[in-house]
Structures are given as C-alpha cells and as structure tokens.
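Engineer: Residue numbers (UniProt numbering): 1 to 300.
#1: Under 8 Å between the Cβ atoms of residue 76 and residue 182?
#2: Does the distance from the C-beta atom of residue 55 to that of residue 218 stay below 8 Å?
#3: Are residue 198 and residue 73 closer than 8 Å when you measure CB to CB?
#4: Suppose you measure from the CA of residue 236 to the CA of residue 40; what does that come to, to the nearest Å?
#5: Using CA coordinates, which residue listed in 32, 207, 69 and 227 is at the minimum distance from residue 90?
#6: I'd like the list of long-range same chain contacts for residue 226, defined as Cβ closer than 7 Å, with 5 residues on each side in sequence excluded.
#7: Compare the C-alpha of residue 200 against each of 232, 248, 52 and 24 and name the closest.
#8: Assign residue 177 to one of two classes, buried (16 or more other C-beta atoms within 10 Å of its C-beta) or exposed (fewer than that).
#9: Below 8 Å on the Cβ atoms is my guess for residue 18 versus residue 266; work out the distance and round it to an integer in Å.
#10: Under DSSP, the alpha helix (DSSP H) around residue 276 begins and ends at which residues?
#11: With DSSP collapsed to three states, give me the class of residue 184.
#12: Within 10 angstroms of its Cβ, does residue 69 collect 16 or more other Cβ (buried), or is it exposed?
Structure representation (structure tokens):
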C-alpha cells in the first residue's frame, strides 16, 4: 500500500505507536508474574502473528530474491527478537515507569550506529540533545538518600532492570535501521507481516538451543488461563508494529523513533496508575528532559 500521499501524518502514527507500546508494557508487567521472560517473548510474537497474518491477503510484496532484503529482514528480526527478550526481562525485574523512559535512549543509539556506518556526527544542537538524553537518564536514576554524583550512573548499568532496558534500546536502534532498508524494498505492511512470520521461528530456535525442554514452557497450563491477556498483548504489539512500519515509510527513522519515545511519559503515568510505582515527579522530569534532548537531536 502506498502511503506517500499521507506523509504529513507520520507524527500521528508515531504517537499511536507510542501509546500502544506503553500499554503493552503495562500488560507485559501483569503477565510477567505468571510467565518467564522467554515464554512471554515467544507468546507476544505468536499472538502478534495471529493478528497480523490476515494482512498477507492484501499485502504480500516479499522480494525474497534480493539478498539485501533477506539480510535486512533476518537481521532486523533477530535484533528485534533479542530486544523484546531483554525488554521483558527488564519489565520483570524493574518498574515500567523506569523502563519506558530509559528506552528514550534508543534514538541516541541510532546516532551512534549511523556514525559507525557513515562517519557522520550530529550538529551542535544534536550534540546538546545527546547531552540532555544523558542528563535525563541521570535524573531517572536518582534515588532519595543516594550520595555521590556518580552513583545514579553506576545504578543505570548495574540495576538489572535498567541494564536490560539499555540492551533492548540498543537492539531496537539497530533493528530500526535494518527495518527501514527492508521497507524501502517492499512496503510497511508487507514488512510487518514478514517480521511477524520470522520472529517466532528465530526466537523458538534460540530458546530451544539454550534449553532443550523449552517447549514445556510454551505449552504451560497457564496459557489457557491468560489467553485473553496474551491475545490483547499480541494485538497491542501488532498495532504498535504496524504503526511503526507506516511511520518509518513516511519519514526518517530517527524522527519516527524520537516521537515514539513519548511512550516514556505514557509508561510513567500507567506505572503510577496501575502499579502504584513511586517517584512520579522525578520520572516525569527526567522523561521531559530526555524528550527535549530528542527534539534537539532529531529536528535541528
């Protein structure tokens, strides 16, 4: 499907992706009390496949004869799968009101990846924006009674929830780069279908290699009890992914990811509302600083 005529709507699709993403974090937190991070990662991709697969009737532009497309799909699927796994571990071990804002660092990692690939560095406003990203992550890590200026940054890389969130952000940054390449060779909805097909296969293979009886987790009796929540999670994940691909087809990856990271604010509010997570004002302040940094990094 051709979306070029709707290019001015890219910000709407990015905001929708942000809302679906934050809602998905809240549902994942609820399910993480009943499932392992590995099983939950596979379930969400399988549920997303159920929701996304009907699109193949209308959108099936899969240029599999092009090595660039195949490589972009496989690498993007592998990285997004690992990113989802790391994110689920982070949610299981931490607070969604912290996980969501830390993911705001993803566009900063995109800049680093682009620098490694092309040698290009951001402008002065962009460099200032990167500084605000780091400052915002510092504010997020502040805890009452903590002494020493370096303690929050140490906590950011030693706290299991924060560390796995950083790993997820890095994976998502690299996956978005490959995803944009694949979208340019096909179309956003066809790519969403392709990723939904490939991710469960990649994840099941990796998890089975790590643990031979992983299939026992997959067929856990808990699945039937939480079927509605799992399907709801898959629906949110699929809607987020489709909105992502459409936004990426309408604008630069860095622009789309910058707006999507407004999910950090949604996550802070949902974390407070549903799970009574604390330090609301500090988290909102840190998230706003990071979003200002994103605006400078992306649009100037």
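Where is the CB? At the ideal position from N, CA and C, for every residue including glycine.
Small disclaimer: the values here were computed from a predicted structure and weren't measured.
Structural biologist: Once the coordinates are examined:
#1: For the purposes of this step, residue 76 is taken as the residue at position 76 of the chain shown. For the purposes of this step, residue 182 is taken as the residue at position 182 of the chain shown. It is a contact, given that the beta carbons lie within the stated cut-off.
#2: The residue you call residue 55 lines up with position 55 of the chain shown. The residue you call residue 218 lines up with position 218 of the chain shown. No. Outside cutoff.
#3: As a working mapping, residue 198 is identified with position 198 in the chain shown. As a working mapping, residue 73 is identified with position 73 in the chain shown. Yes, these two residues count as a Cβ contact at 8 Å.
#4: Mapped onto the chain shown, residue 236 falls at position 236. Mapped onto the chain shown, residue 40 falls at position 40. The straight-line gap from Cα to Cα measures roughly 14 Å.
#5: By 1-based counting over the chain shown, the position of residue 90 is 90. Residue 32 is the option with its Cα nearest to residue 90.
#6: The sequence position of residue 226 within the chain shown is 226, counting from 1. So the qualifying residues of the chain are 31 and 34.
#7: Within the chain shown, the letter at position 200 stands for residue 200. Answer by Cα proximity: 52.
#8: Here residue 177 refers to the residue found at position 177 when the chain shown is read from its first residue. Buried, by the Cβ-count rule.
#9: By 1-based counting over the chain shown, the position of residue 18 is 18. By 1-based counting over the chain shown, the position of residue 266 is 266. Sure, about 6 Å apart at Cβ, within 8 Å.
#10: Locating residue 276 in the chain shown gives position 276, counting from the first residue. Segment: none, residue 276 is in no alpha helix (DSSP H) and carries neither H nor E.
#11: Position 184 of the chain shown, counting from 1, holds the residue named residue 184. Correct three-state label for residue 184: helix.
#12: Counting from one through the chain shown, the residue named residue 69 turns up at place 69. It counts as buried.
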